[in-house]
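Below: the structure, in structure tokens.
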Amino acid sequence: MAAGNDMNFRLEVVVMVTTTGADSAAVISEDQRVFTLPHDPMLSKDTAQPRIPPPPPSRCHPRTSRSLGYPWTDGEREGRIVLDRVRLVMWRWWRMLAEKMGGGEDEGELFGGHGLDLEGKNPIFSRFLSLVFDLKDEIFFAASAISLLNPFLPFVPDLFLFALIAFGTTSKEKPTLGGTRIKTRKRNIAASLDPAAFSDAVVQIYLENAGDLELVAKSIESSELNFSRYGDTFFEARGRTQPGTTKPDEGERHPYSFLDCEPKREAVLPSVIYVQKVLRRRPFLIKNLENVMRRFLQSLELCEEDERKKLAIFSALAFSQKLSGLPPETVLQPLLKDNLVAKGIVLAFITDFFKEYLLDNSLDDLISILKRAKMEDNLLEFFPSSKRTAEAFSEHFTKEGLLQLVEYNEKKIFEEKLKEMKSALTTLIAEEADQSEVLDVVKQRVADAKLPEIEVVRILWDVLMDAVQWSGKNQQQNANAALRQVRTWANLLNTYCTSGKLELELLYKVQMQCYEDAKLMKLFPDIVRALYDQDVLAEDTILHWFRKGTNPKGRQTFVKSLEPFVNWLEEAEEEE
Numbered sequence: 102m103a104a105g106n107d108m109n110f111r112l113e114v115v116v117m118v119t120t121t122g123a124d125s126a127a128v129i130s131e132d133q134r135v136f137t138l139p140h141d142p143m144l145s146k147d148t149a150q151p152r153i154p155p156p157p158p159s160r161c162h163p164r165t166s167r168s169l170g171y172p173w174t175d176g177e178r179e180g181r182i183v184l185d186r187v188r189l190v191m192w193r194w195w196r197m198l199a200e201k202m203g204g205g206e207d208e209g210e211l212f213g214g215h216g217l218d219l220e221g222k223n224p225i226f227s228r229f230l231s232l233v234f235d236l237k238d239e240i241f242f243a244a245s246a247i248s249l250l251n252p253f254l255p256f257v258p259d260l261f262l263f264a265l266i267a268f269g270t271t272s273k274e275k276p277t278l279g280g281t282r283i284k285t286r287k288r289n290i291a292a293s294l295d296p297a298a299f300s301d302a303v304v305q306i307y308l309e310n311a312g313d314l315e316l317v318a319k320s321i322e323s324s325e326l327n328f329s330r331y332g333d334t335f336f337e338a339r340g341r342t343q344p345g346t347t348k349p350d351e352g353e354r355h356p357y358s359f360l361d362c363e364p365k366r367e368a369v370l371p372s373v374i375y376v377q378k379v380l381r382r383r384p385f386l387i388k389n390l391e392n393v394m395r396r397f398l399q400s401l402e403l404c405e406e407d408e409r410k411k412l413a414i415f416s417a418l419a420f421s422q423k424l425s426g427l428p429p430e431t432v433l434q435p436l437l438k439d440n441l442v443a444k445g446i447v448l449a450f451i452t453d454f455f456k457e458y459l460l461d462n463s464l465d466d467l468i469s470i471l472k473r474a475k476m477e478d479n480l481l482e483f484f485p486s487s488k489r490t491a492e493a494f495s496e497h498f499t500k501e502g503l504l505q506l507v508e509y510n511e512k513k514i515f516e517e518k519l520k521e522m523k524s525a526l527t528t529l530i531a532e533e534a535d536q537s538e539v540l541d542v543v544k545q546r547v548a549d550a551k552l553p554e555i556e557v558v559r560i561l562w563d564v565l566m567d568a569v570q571w572s573g574k575n576q577q578q579n580a581n582a583a584l585r586q587v588r589t590w591a592n593l594l595n596t597y598c599t600s601g602k603l604e605l606e607l608l609y610k611v612q613m614q615c616y617e618d619a620k621l622m623k624l625f626p627d628i629v630r631a632l633y634d635q636d637v638l639a640e641d642t643i644l645h646w647f648r649k650g651t652n653p654k655g656r657q658t659f660v661k662s663l664e665p666f667v668n669w670l671e672e673a674e675e676e677e
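Under our numbering, the first residue of the sequence shown is numbered 102, with each subsequent residue one higher.
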């Protein structure tokens with residue numbers, strides 16, 4: 102340990118000091134040697150006699166351990182070492198305070214019999230504070246050593262705690278090396294956004310190539326512009342797509358924007374091909390294209406009529422050219438804004454879109470796009486609320502020449518009505534409602550939907566079979582249930598099977614269901630016999646089906662199974 106009265110002593114030599122009694126202290130050096138020192142820590146280690154440390158007894162809480170004879174846990178060893186360094190410093194302060202104030206080593210003599218009183222009763226308290234202020238640098242050194250040792254703070258003398266509180270709010274500036282420059286990591290450098298400069302650079306590329314989109318695409322491909330950061334700006338190029346902007350904010354549009362071309366397919370198609378080339382090189386820009394198109398479509402009311410038509414043509418060609426997987430739901434869903442729909446803007450836009458897309462694609466392709474956009478069943482939502490009827494739909498698109506779309510919509514409405522009718526009748530029959538009530542519902546549904554008689558016969562048979570409680574394993578039980586259903590509701594079938602053509606259609610329907618449903622495969626002759634017995638099917642109808650039936654599905658099997666019944670009919674006819 103360093104000796105003498107020098108204030109700038111070093112603590113590196115001493116690893117740990119702890120009191121062992123009233124008149125001595127134990128010092129452990131860096132080489133793990135233990136010395137018993139007098140109470141004065143200013144002595145050099147050469148005057149101390151080395152001794153071997155006692156073996157550590159059982160584990161003990163550090164707060165009850167004040168001497169080397171009581172151990173600390175392994176995890177507390179490092180903290181205990183630093184703590185006792187601080188205690189050694191406190192001993193040094195104590196002796197220096199005694200020398201400066203001219204007192205003895207005894208605490209009472211040192212402070213004139215008043216003792217160490219931190220509550221303000223000591224008459225020389227102000228002199229003590231002045232001395233502590235002179236030693237504040239060493240106090241901060243000790244404070245930094247013990248800042249992480251909260252569990253050991255009860256071991257620190259009251260003098261050190263007071264000094265730590267008195268000067269803990271002050272900090273000393275750390276030394277810095279002059280002439281150095283701290284560099285920021287590249288990943289932490291945040292460059293300010295400058296979309297205007299990027300937009301100007303893009304426009305300049307257009308101007309330098311005189312609007313030749315092939316040359317522009319090549320220049321864009323070799324350009325080092327930050328497209329990943331300004332993707333939206335690239336597609337806008339001074340356009341107005343942000344909410345809250347006004348027409349003057351847009352600035353001057355460059356002369357090669359597709360919004361300035363003619364509202365024709367031939368004029369817009371080169372722009373679509375150009376965008377496709379850019380996306381092949383930088384596919385990540387597809388998300389930016391979605392954003393810009395969505396914002397344009399949401400602000401259609403701010404565009405002129407020609408501009409809306411150009412946007413419709415561009416959107417249709419983008420899907421027709423399969424523009425790098427442009428998702429329809431992202432582009433078409435924003436059209437369903439109430440204010441745009443109410444003004445008829447959306448209807449005009451979607452009409453131009455349909456007409457342009459169907460020039461190169463089939464109706465099935467268009468329906469596929471509408472399904473992906475989840476708008477297949479919501480075509481009427483493109484119309485203002487006062488015109489959301491099937492008649493208005495047919496009238497509008499017939500006038501625009503989209504007859505195939507009109508036919509598709511009528512078919513869809515028809516299928517929806519059939520579905521509703523089946524659901525209602527199945528519920529009534531399953532609940533064993535009165536036949537007259539069921540017949541009234543059938544007549545009403547047929548009149549509302551304007552269903553043809555052939556379709557009504559098909560629906561009635563489906564409803565009767567759907568209302569049966571089928572058994573999973575018992576074939577005989579299934580046969581009895583099917584035959585009982587036919588006999589019970591024969592009058593309902595008789596009401597609509599009023600001609601040989603309708604009877605033959607019913608027989609074809611029975612054939613198809615028995616062919617598709619394995620549990621009914623062997624019941625075909627029994628069902629035909631039951632329908633004959635209930636006067637639903639005439640003898641001539643059965644013979645016509647047997648001899649000249651046109652439906653090939655399962656025909657050979659069913660003809661063979663029905664042959665005994667047909668032979669019986671022929672014999673009965675001969676006898677008559």
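Think of the CB as a built atom: it goes at the ideal place given N, C-alpha and C, for glycine as much as any other residue.
Predicted model only: the values in this text are computed from it and were never measured.
Output yes or no for whether 8 Å exceeds the beta carbon distance between residue i and residue j.
i: P429; j: I468; result: no
i: K632; j: V569; result: Residue identity differs from the one stated: residue 632 is Leu in this sequence, not Lys. No, these two residues do not count as a Cβ contact at 8 Å.
i: A591; j: Q545; result: no
i: V369; j: K423; result: no
i: L390; j: F336; result: yes
i: I321; j: V379; result: yes
i: K523; j: V564; result: yes
i: A550; j: K518; result: yes
i: W646; j: L605; result: yes
i: A491; j: I514; result: yes
i: E408; j: L441; result: no
i: Y597; j: E554; result: yes
i: I628; j: V667; result: no
i: D567; j: T527; result: yes
i: N479; j: F494; result: no
i: L481; j: R489; result: yes
So residue i is in the alpha helix (DSSP H); what residue range does that whole segment cover?
i: M394; result: I387 to Q399
i: T528; result: L504 to A531
i: W562; result: E554 to D567
i: M613; result: G601 to E617
i: N479; result: Element bounds for N479: n/a, residue is neither H nor E.
i: N592; result: A591 to Y597
i: E457; result: I446 to Y458
i: R383; result: Counting along the chain, R383 falls outside any alpha helix (DSSP H), and DSSP gives it neither H nor E.
i: Q305; result: P296 to E309
i: R546; result: Q536 to A550
i: N440; result: D439 to A443
i: V637; result: Unbroken run through V637: none, as it is neither H nor E.
If we count the other Cβ atoms within 10 Å of its Cβ and call it buried at 16 or more, is residue i buried or exposed?
i: Q657; result: exposed
i: E363; result: exposed
i: P154; result: Only weak support exists for where P154 lies, its pLDDT of 42 falling under 50; the coordinates are left without a value.
i: N581; result: exposed
i: S416; result: buried
i: T334; result: buried
i: N579; result: buried
i: T599; result: exposed
i: W669; result: exposed
i: S323; result: exposed
i: L594; result: buried
i: L294; result: exposed
i: L607; result: buried
Sorry if obvious, but does the Cβ on residue i come closer than 7 Å to a heavy atom of the ligand GTP?
i: L526; result: You won't find the ligand GTP in this model; it holds no ligand whatsoever.
Between the Cα of residue i and those of the options, spot the shortest distance and give me the residue it belongs to.
i: R330; options: L460, G601, F385 and W646; result: F385
i: L540; options: A525, K551 and V507; result: A525
i: K456; options: S486, G426, L605 and H497; result: H497
i: P435; options: G426, V376, L427 and V447; result: V447
i: I374; options: L403, F659, L605 and V317; result: V317
i: I451; options: G426, I414, L460 and N462; result: I414
i: D453; options: L418, V376, T527 and K620; result: L418
i: Q577; options: K620, K472 and E406; result: K620
i: E664; options: L638, A639 and R630; result: R630
i: Y458; options: W669, D465, S421 and P485; result: S421
i: S463; options: M476, G332 and L503; result: L503
i: A639; options: G601, S662, K661 and P626; result: G601
| message | Would you call the segment 644-655 in contact with the segment 600-616, where contact means no fewer than 3 C-beta pairs closer than 8 Å? | response | Yes, the segment 644-655 touches the segment 600-616.
| request: Check whether the segment 437-446 touches the segment 398-407, counting contact only when three or more Cβ pairs, one atom from each stretch, lie closer than 8 Å. | output: The segment 437-446 vs the segment 398-407: in contact.
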